[in-house]
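Please read the structure below before turning to the comments.
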Amino acid sequence: MKIEIFRLPLRQKRIVVSANNVTVSFGGFTLFNEINFMINENDRIGLVGKNGAGKSTLLKIFMGIQQPTSGNVSVPKDFSMGYLPQQMTIADGKSVINETMTAFDLINELEAKIENISNLLSIRTDYESDEYAAFIESLHEATERHHILGGNDKLGDTEKALLGLGFKRTDFNRPTSEFSGGWRMRIELAKILLTKPRLLLLDEPTNHLDIESIQWLEDYLKNYYGALLLISHDRAFLDTVSTRTIEISLGKAYDYKVPYSKYVELRKERREQQMAAYENQRRMIEKTEEFIERFRYKASKANQVQSRIKQLDRLEIIEIDEEDVSKLNIKFPPAPRSGRDVFKTVNLAKIYGEHIVFSGVNLIVERGEKVALVGRNGEGKTTLSKIIVGEIAPEIGEAFIGYNVKIGYFAQNQDDLMDDDDTVYDALDKVAAGDIRSKLRDILAAFLFRGEDIDKKVKVLSGGERSRLAMAKLMLEPYNLLVLDEPTNHMDMRSKDILKNALAAYDGTLIVVSHDREFLDGLVNKVYEFKDGMVKEHLGGIYEFLERRKLENLNELERKSELSKQSKESKSNSQGQKDAQRDIEKKEIGKQLKKFELQIKNVEEVISKLETEMAEMNDFLSRETPKLEFFERYETTKNALSKEMEKWESLNEQYEQLKSSL
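First residue of the sequence shown? That's 0 in this note's numbering, and the numbers climb one at a time after it.
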């Protein structure tokens, strides 16, 4: 079906969505108090604040899932929004590729609409009527929307999204039911991205992603055509993607037109200025009240007293946002002494069906070491964690737990294992035993559950609050080995920092799975890298490991892991290994060059088309006096041509740089 017809540019408003005096109150507690801000087209906003501040609630209000107590969110008619919550019901019954392609249901509807209107217009002759003009406008809007959604290559776009988010081509035809919740969440994320809404609302999108997929998502969002409102506790991700930061603190919203790291600096400056103005006004009020009280009953000062009373009545009191000084005050119980070797494997292997997760693993974790397990999702980090705690057994080899080792385990889904109908206090009381029961309130207070918080139901807690509660369980008895699988998922940045400090001071042994570079930096002294079915030991911290590999960050580690497979030749034949490695890299570079060539060709076709349109419009200008709509279309086409030329130059530059590396 041919859909390339005459198009006028969509007339988009600068302001796309606005929150107007949004207030949310429940049980006598005010979560938001008359919050106001606007989202403009192409905004990249990071929404930040401590766990429980209401960030996720605000996204639900934008989507209409939850209603504010007062105020409203203004959304233009027929405005598209895509929403990824932290937790959602995920459909089963289809293959990965078919489920993902349900994202194109709207495109299919648009194509049917375009065909129907085109057929109607072909038989009408009332060209000057209002009804005919309405059909033309509807056709224009449907066609433009179809063009924006990229409906001409559905399968290709779907494959790119799935591969970018970590799926392999061999996964495409597997049923979604075979995948974990985290992987199915990636399918939902791919569907949302493929619908290309004008506003993306993403709540912790990196929680279920490995480092390579985070890098892909960063690149995708940086170039996304619409607006973005993002909740994330990943500093590096926020700094890469966002250009504006909105802080939710104690019921108020503070808008900073800068990325996260700069916002932290500006927030400190704002607080200092606010405090200085507040103190000056407070001193002035005290002196004025002192004067009034002193001369209140003296007739000779009556006029002055009344004047100052009126002055205070008219005074606009400076309000200062209360300093949020609450923090995690975590101190893990002293670790009982264990044997020197806490955990050891000999030729360990784990196999699921025909899939070898890893094999030939030989490692030793000694008393007091703090170890990181890093690598792509699916390479076996969580599997090894479960072997350590005894949840699963290896098929080949042996795994030994050392003398007097007591293990505390935080699983990725630890917070999901709690009973939603329990209160915060009950969640700990159920598993506590002995004298520790008398200290449950103190433990909960250390994790920011104070006063009425301990009577909250688990089901109403935010993701970060549930993670903190699950972590609090590890305080119920002394362990000398902590195995933590993605402990910082859902935790806010402040909580992550305090947890990191507590773990650094912990005198036991730590094994932690994480993709958070900043969390691991300064915490671990050994890194085990999971790659291509093997586990390799690297002594030192996370950035020492990266430096030795001559990589800037773990994202590069993930990309380079795709460039080659480890040589099967003997270690003694080092030169042969290098030659084989170089051949593999050359082949990979060749593949990348072909991809660039295809991209350049596609851009050149777009440029050619735009240049033809510009030539036609210039010719029309030389002969006719156009209407205002023509100039809008002319300017849009001109800008589009300029952007495509910049893209063409950038692609060619990258192509030449890559070619020179051969």
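All residues carry an ideal CB built from backbone N, CA and C; glycine is no exception.
Residues near Ser17 by beta carbon distance below 6 Å, same chain, minus five either side = For the purposes of this step, residue 17 is taken as residue 18 along the sequence shown, with counting starting at 1. Once the five neighbours on either side are set aside, the close Cβ partners of Ser17 are Met37 and Ser73.
Which parts of the segment 352-414 are runs of the alpha helix (DSSP H), unbroken and 4 residues or longer, counting only runs that do not cross its ends?
-> 380-388
Residue interval of the beta strand (DSSP E) (run including Tyr36) | Counting from one through the sequence shown, the residue named residue 36 turns up at place 37. Residue 36 is actually Phe in this sequence, not Tyr. First-last of the beta strand (DSSP E) with Phe36: Phe28 to Asn39.
What do you reckon, are the CB atoms on Asp340 and Ile355 nearer than 8 Å?
-> As a position in the sequence shown, residue 340 is number 341, starting the count at 1. As a position in the sequence shown, residue 355 is number 356, starting the count at 1. Not closer than 8 Å, so no.
What is the DSSP secondary structure of Ala226, counted as helix, strand or coil?
-> Your numbering for residue 226 matches position 227 in the sequence shown. Looking at Ala226 - three-state DSSP - the assignment turns out to be strand.
Helix, strand or coil at Phe78 according to DSSP, with G and I counted as helix = If you number the sequence shown from 1, residue 78 lands on position 79. It is coil, neither helix nor strand.
Kindly list the residues whose CB is nearer than 6 Å to the CB of Ile34, restricted to its own chain and excluding five residues on each side of it in sequence; keep chain order.
-> As a first step, residue 34 is located in the sequence shown; it is residue number 35 there, counting from the start. Correct list, in chain order: Ala18, Val21 and Ala252.
Decide yes or no for the touch test of the segment 98-105 against the segment 46-58: beta carbon pairs closer than 8 Å, at least 3 of them.
-> no
If you count every other CB in all the chains shown that lies within 10 Å of the CB of Ile64, and 16 or more means buried, which is it?
-> Along the sequence shown, read from residue 1 onward, the residue named residue 64 stands at position 65. Ile64 is exposed by the Cβ-count criterion.
May I ask you to list the residues that DSSP assigns as paired with Ser202?
-> Locating residue 202 in the sequence shown gives position 203, counting from the first residue. Note that residue 202 is Asp in the sequence shown here, rather than Ser. Looking at the DSSP assignment, Asp202 forms a beta bridge with Ile230.
Per-residue DSSP class, three states only, for Met184 = Start at 1 with the first residue of the sequence shown, and residue 184 comes out as number 185. DSSP places Met184 in helix when its eight states are reduced to three.
Please name the residue or residues paired with Ser94 in a DSSP beta bridge.
-> By one-based count along the sequence shown, residue 94 stands at place 95. When beta bridges are read from the DSSP output, Ser94 appears opposite Pro174.
Where Trp182 and Leu58 are concerned, what is the direct C-alpha to C-alpha distance, given to the nearest angstrom?
-> Counted from its first residue, the sequence shown places residue 182 at position 183. Counted from its first residue, the sequence shown places residue 58 at position 59. Taking the straight line joining both Cα atoms gives about 23 Å.
Taking the alpha-carbon positions, what's the Gly165 to Glu158 distance?
-> Within the sequence shown, residue 165 is the residue found at index 166, counting from 1. Within the sequence shown, residue 158 is the residue found at index 159, counting from 1. If you draw a straight line from the Cα of Gly165 to the Cα of Glu158, it comes to about 11 Å.
By Cβ distance, which residues of its chain are closer than 8 Å to Trp647, with the 5 residues on each side in sequence left out?
-> Translated into the one-based positions of the sequence shown, residue 647 becomes position 648. So the list reads Ile599, Val602, Glu603 and Ile606, once near-sequence residues are dropped.
Selection from Thr88, Leu480 and Met274 that minimises the alpha carbon distance to Val388 | The residue labelled residue 388 in the question sits at position 389 within the sequence shown. Nearest C-alpha to Val388: Leu480.
Identify whether Val534 lies in helix, strand or coil by the three-state DSSP scheme.
-> Within the sequence shown, the letter at position 535 stands for residue 534. DSSP places Val534 in strand when its eight states are reduced to three.
For Arg43, three-class secondary structure by DSSP | Here the question's residue 43 lines up with position 44 in the sequence shown. It is a strand residue.
Could you tell me the distance, in whole angstroms, from the CA atom of Ser241 to the CA atom of Asp218?
-> One-based indexing of the sequence shown puts residue 241 at position 242. One-based indexing of the sequence shown puts residue 218 at position 219. Roughly 12 Å between the two C-alpha positions.
Per DSSP, what kind of secondary structure is Thr68 in: helix, strand or coil?
-> Along the sequence shown, read from residue 1 onward, the residue named residue 68 stands at position 69. If DSSP states are grouped into helix, strand and coil, Thr68 belongs with coil.
Would you call the segment 469-483 and the segment 210-224 touching, i.e. three or more CB-CB distances under 8 Å?
-> no
Sorted by chain position, which residues of the same chain lie with C-beta nearer than 6 Å to Ala132's C-beta, five sequence neighbours on each side aside?
-> Here residue 132 refers to the residue found at position 133 when the sequence shown is read from its first residue. Cβ within range, chain order: n/a, list empty.
From Met533, Lys626 and Phe629, residue whose alpha carbon lies closest to that of Gly374 | Here residue 374 corresponds to residue number 375 of the sequence shown, with the count starting at 1. Checked all of Met533, Lys626 and Phe629; the closest Cα to Gly374 is Met533.
Would you kindly report the start and end of the unbroken beta strand (DSSP E) that includes Val511?
-> Mapped onto the sequence shown, residue 511 falls at position 512. Thr508 to Val512 is the extent of the beta strand (DSSP E) around Val511.
Taking the continuous beta strand (DSSP E) assigned at Arg243, which residues delimit it?
-> Within the sequence shown, numbered from 1, the residue matching residue 243 stands at position 244. Its beta strand (DSSP E) spans residues Arg243 to Ser248.
Can you tell me the Cα-Cα spacing of Ile122 and Ile116, whole angstroms?
-> One-based indexing of the sequence shown puts residue 122 at position 123. One-based indexing of the sequence shown puts residue 116 at position 117. Going by the C-alpha atoms only, they are around 10 Å apart.
Close-in-space but distant-in-sequence residues of the same chain around Gly462 (CB under 6 Å, 5 per side omitted) = Residue numbering aside, residue 462 sits at position 463 when the sequence shown is read from its first letter. Closer than 6 Å at Cβ, skipping near neighbours: Gln85 and His489.
Between the Cα of Asp484 and those of Lys429, Leu383, Lys455 and Arg281, spot the shortest distance and give me the residue it belongs to.
-> Here residue 484 refers to the residue found at position 485 of the sequence shown. Of the residues Lys429, Leu383, Lys455 and Arg281, the one whose Cα lies closest to the Cα of Asp484 is Leu383.
For Leu427, count neighbouring Cβ atoms within 10 angstroms of its own Cβ and tell me buried if that reaches 16, exposed if not.
-> As a first step, residue 427 must be located in the sequence shown, where it is residue number 428. Counting other Cβ atoms within 10 Å of its Cβ, Leu427 reaches 16 or more and is therefore classed as buried.
Between which two residues does the alpha helix (DSSP H) carrying Tyr654 extend?
-> Counting from 1 along the sequence shown, the entry for residue 654 is found at position 655. Its alpha helix (DSSP H) spans residues Leu627 to Ser659.
Once you ignore the five residues that flank Asn638 on each side, which residues in its own chain have a CB closer than 7 Å to its CB?
-> Here the question's residue 638 lines up with position 639 in the sequence shown. Answer for Asn638: no residue qualifies.
Helix, strand or coil for Phe331 per DSSP?
-> One-based indexing of the sequence shown puts residue 331 at position 332. Reduced to three states, the DSSP call for Phe331 is coil.
Do the CB positions of Ile191 and Leu83 come within less than 8 Å of each other?
-> By one-based count along the sequence shown, residue 191 stands at place 192. By one-based count along the sequence shown, residue 83 stands at place 84. Contact flag set, yes.
Since Glu378 contacts Phe529 with CB under 8 Å, what's their CB separation in whole angstroms?
-> Residue numbering aside, residue 378 sits at position 379 when the sequence shown is read from its first letter. Residue numbering aside, residue 529 sits at position 530 when the sequence shown is read from its first letter. The Cβ separation is near 4 Å, so the contact holds.
Are the beta-carbon atoms of Gln423 and Lys455 separated by less than 8 Å?
-> By one-based count along the sequence shown, residue 423 stands at place 424. By one-based count along the sequence shown, residue 455 stands at place 456. For clarity, residue 423 is Val in the given sequence; the question names Gln instead. Yes.
Segment limits, alpha helix (DSSP H) that includes Tyr255 | In the sequence shown, residue 255 corresponds to position 256, counting from 1. Looking at the DSSP string, Tyr255 is not in any alpha helix (DSSP H); the run it does join, the beta strand (DSSP E), is Lys251 to Tyr255.
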